[in-house]
Amino acid sequence: MKPPLLALACLSLSATQALASNEFSASVLAQSEARQASHGNPLGLGDSQHHFQQADLRWQVDGPWQQALRGNVSARHDHDDSTLLQVNELTLESPLAGGFLTAGKKIMSWDVGYAFRPLDVVQQEDRRALNPATLQGIPMLAQEAFDEDHALTMVLSNPGRGKAAQPRDDEALAMRLYRHRGERDEYAVLRVSQRNGLEAGASFSHVLNEGTELHASLLWQQKHEEWRQQRWLAAGRGGKALAGFTWTTENQFSLIGEAWLDRSVASPQQRNVFLRAAQNWDNFDLAADVLWQPASQSKVGTIAASWKQGPWLFSASLRQYYGMAGILTRRLAIASIQRSF
């Protein structure tokens, strides 16, 4: 029997020929993680290492009547010899009523912001993940219509599921309006679900000048749940808010600053301040950031570097935890090599 990654590589080669007239891409990733546990942590965790290899295959097949079949599958092989074949995205898009109807599993991230996005009510992506794996799409039916300055998206996510174990898996009906006005992008979101009732929010991103941008986002929730005692507990009305800026120079140095409130997490983690600095030199990127939680005086510092040479991408990240944020883990280091086709 062929090893999983070799088998997927063979599939990639055959797909290149089959989809020559359509869009196709593939990548292979090898990643190593080392975690240093905090001394005397309450769970008795020890230091650990984890290695895995992953191959991704993405495609778009254009059909008759402007239809398109899009997909993204991955095969992952871990150091314990376990193997996982996963469908990350698989959708059929068809023209309907001046827009497109999408059915299937799709990644749909919304809102402005870098480290946190209050209006990301469908995908609910973890924006602070270190070297995150391929995102998992959400099962949905979606209708999107747009012109040069406006867009309307209606989404029925996780149909038939009701209230699930995790919020991102809940059945929900959501709507997003987008409008472009000069130097400003504006968004409005509505969502209805069993867990949160009605959610409503708005956000904007405004370009002040060639190098400076301001953004803000606000979400109101009729009801919400907080993650406490290893489970979700009802906590009445809730909300999320974010304000931030980006500043970029001609020399490709950038600075991001954000502050946010998230009522869905434990009290010490609800208020956050984030600062990130990054420098790009052609194929090399270097970045450092710090997250500060004033209520618990916790800090999380990260430094990351990446180098791209042709189809190869080399990345390394180091994250250090201080205060309550480091009650279980003191340090996390990740290194990866990726080859694209």
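85 is the number that UniProt numbering gives to position 85 of the sequence shown; each next residue is one higher, with no gaps. A virtual CB, placed ideally from N, CA and C, is assigned to each residue, including glycine. Owing to the predicted nature of the structure, the values given are computational and were not obtained by experimental measurement.
Buried versus exposed, by CB contacts within 10 Å (16 or more), residue i
{"i": "Asn272", "result": "buried"}
{"i": "Trp312", "result": "exposed"}
{"i": "His51", "result": "exposed"}
{"i": "Gly104", "result": "buried"}
{"i": "Pro118", "result": "buried"}
{"i": "Trp110", "result": "buried"}
{"i": "Arg176", "result": "buried"}
{"i": "Ser298", "result": "buried"}
{"i": "Arg228", "result": "exposed"}
C-alpha gap between residue i and residue j, whole angstroms
{"i": "Asn209", "j": "Ser27", "result": "37 Å"}
{"i": "Asp147", "j": "Glu23", "result": "24 Å"}
{"i": "Asp285", "j": "Ile334", "result": "16 Å"}
{"i": "Met108", "j": "Val290", "result": "27 Å"}
{"i": "Glu199", "j": "Trp281", "result": "42 Å"}
{"i": "Leu43", "j": "Thr329", "result": "11 Å"}
{"i": "Ser12", "j": "Gly236", "result": "With a pLDDT of 43 at Ser12, under the threshold of 50, the predicted position of this residue should be treated as unreliable, though the coordinate-derived value follows. One C-alpha to the other measures close to 50 Å."}
{"i": "Asn158", "j": "Thr212", "result": "38 Å"}
{"i": "Ala266", "j": "Leu96", "result": "43 Å"}
{"i": "Val87", "j": "Gly182", "result": "39 Å"}
{"i": "Gln66", "j": "Leu214", "result": "38 Å"}
{"i": "Ala243", "j": "Gly63", "result": "43 Å"}
{"i": "Trp232", "j": "Asp120", "result": "19 Å"}
{"i": "Ala75", "j": "Gln49", "result": "20 Å"}
{"i": "Asp149", "j": "Phe204", "result": "14 Å"}
{"i": "Asp56", "j": "Leu85", "result": "10 Å"}
{"i": "Glu89", "j": "Gly71", "result": "5 Å"}
{"i": "Glu33", "j": "Leu135", "result": "19 Å"}
{"i": "His79", "j": "Gln31", "result": "10 Å"}
Residue i - containing beta strand (DSSP E), residue span
{"i": "Gln67", "result": "Careful: Gln67 lies outside any beta strand (DSSP E) and carries neither H nor E."}
{"i": "Ala266", "result": "Here Ala266 belongs to no beta strand (DSSP E), and DSSP marks it neither H nor E."}
{"i": "Met140", "result": "Ile138 to Phe146"}
{"i": "Pro95", "result": "Thr83 to Leu96"}
{"i": "Glu115", "result": "Reading off the sequence, residue 115 comes out as Ala, not Glu. Neither: Ala115 is in no beta strand (DSSP E) and is coded neither H nor E."}
{"i": "Glu23", "result": "Glu23 to Ala37"}
{"i": "Phe314", "result": "Trp312 to Tyr322"}
{"i": "Lys299", "result": "Ser298 to Gln309"}
{"i": "His224", "result": "Taken as a continuous stretch (DSSP letters only), His224 belongs to no beta strand (DSSP E), as it is neither H nor E."}
{"i": "Lys240", "result": "Gly238 to Thr248"}
{"i": "Arg161", "result": "Run containing Arg161: none; DSSP gives neither H nor E here."}
{"i": "Gly104", "result": "Gly99 to Lys106"}
{"i": "His79", "result": "First-last for His79: undefined, no H or E at that position."}
{"i": "Gly201", "result": "Gly197 to Val207"}
{"i": "Thr329", "result": "Thr329 to Ser340"}
{"i": "Gln166", "result": "Where Gln166 is concerned, there is no enclosing beta strand (DSSP E), given that its DSSP letter is neither H nor E."}
Residues of its chain near residue i, where Cβ-Cβ distance is below 6 Å and the 5 sequence neighbours each way are ignored
{"i": "Ile256", "result": "Tyr114, Thr246 and Arg276"}
{"i": "Gly98", "result": "Ala145"}
{"i": "Leu101", "result": "Ser94 and Gln143"}
{"i": "Arg319", "result": "Leu130, Thr302 and Leu332"}
{"i": "Val61", "result": "Asn22 and Leu69"}
{"i": "Ser25", "result": "Arg58"}
{"i": "Ser315", "result": "Ser306 and Ser336"}
{"i": "Ala18", "result": "Unreliable positioning characterises Ala18 in this predicted model, as indicated by a pLDDT of 38, which lies under 50. The coordinate reading is nonetheless provided below. Same-chain partners within the cutoff: there are none."}
{"i": "Trp220", "result": "Ala200 and Gly239"}
Option in the options with minimal Cα separation from residue i
{"i": "Gly137", "options": "Thr302, Val73 and Arg128", "result": "Val73"}
{"i": "Met324", "options": "Asn88, Gln166, Asn41 and Arg195", "result": "Asn41"}
{"i": "Thr91", "options": "Ala295, Pro294, Gln279 and Met140", "result": "Met140"}
{"i": "Tyr322", "options": "Glu33, Ala37 and Trp232", "result": "Ala37"}
{"i": "Ala164", "options": "Arg176, Leu57, Arg339 and Ser193", "result": "Ser193"}
{"i": "Ala288", "options": "Asp262, Ser32 and Ser254", "result": "Ser254"}
{"i": "Ser317", "options": "Asp169, Pro132, Gly239 and Gln222", "result": "Pro132"}
{"i": "Ala188", "options": "Ala34, Val112 and Leu57", "result": "Val112"}
{"i": "Lys223", "options": "Ala202, Lys240 and His79", "result": "Lys240"}
{"i": "Thr249", "options": "Asp262, Gln279, Trp260 and Leu45", "result": "Gln279"}
Spatial neighbours of residue i in its chain, beta-carbon cut-off 7 Å, leaving aside the 5 residues before and after
{"i": "Gln309", "result": "Asn283"}
{"i": "Pro167", "result": "Gln124 and Arg195"}
{"i": "Gln269", "result": "Gln293"}
{"i": "Leu156", "result": "Met140, Leu141 and Leu173"}
{"i": "Asp169", "result": "Asn158 and Arg161"}
8 Å CB neighbourhood of residue i in its chain, flanking five on each side removed
{"i": "Arg184", "result": "Phe204, Ser205, His206 and Val207"}
Below-8 Å beta-carbon distance, residue i vs any chain D residue
{"i": "Ser38", "result": "Protein chains in the displayed structure number just one, and chain D is not present."}
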